[in-house]
Amino acid sequence: MENGLIGLKKIRKEKGFSQLKVALDLNMSRETLSYYENGKRNPDIQTLKLFSKYFNVSIDFLINGKDFE
3 MENGLIGLKK IRKEKGFSQL KVALDLNMSR ETLSYYENGK RNPDIQTLKL FSKYFNVSID
63 FLINGKDFE
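Quick note on numbering: the sequence shown equals residues 3 to 71 in the working numbering.
As structure tokens, then:
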């Protein structure tokens with residue numbers, strides 16, 4: 003995930019959510035969320051599941067910005 007979670011940033015912006023809103027809703031720092039979006043840090047599977055449930059998208063979408071084909 004060297005380019006970060008492409009779909010995470012995409013879905014967050016589509017929903018009009020700030021990094022701060024998502025971070026507060028999910029009990030993490032804004033910096034941590036930014037690191038995930040920009041590939042400076044990789045989330046564990048539990049965090050991926052959390053994002054998936056929060057945004058109602060697949061984990062594949064979070065990683066690639068599109069659903070599995």
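Think of the CB as a built atom: it goes at the ideal place given N, C-alpha and C, for glycine as much as any other residue.
On a predicted model such as this, the values are computed, not experimentally measured, just so you know.
Does DSSP put residue i in a helix, in a strand, or in coil?
i	result
glycine 6	coil
When you compare only the Cα positions, how much space is there between residue i and residue j?
i	j	result
aspartate 27	lysine 68	24 Å
isoleucine 61	phenylalanine 53	8 Å
leucine 22	leucine 35	9 Å
glycine 9	arginine 32	17 Å
serine 20	asparagine 58	17 Å
glycine 6	lysine 51	16 Å
lysine 15	asparagine 66	15 Å
field: Runs of beta strand (DSSP E) lying entirely within the region 12-68, each at least 3 residues, in chain order
entry: none
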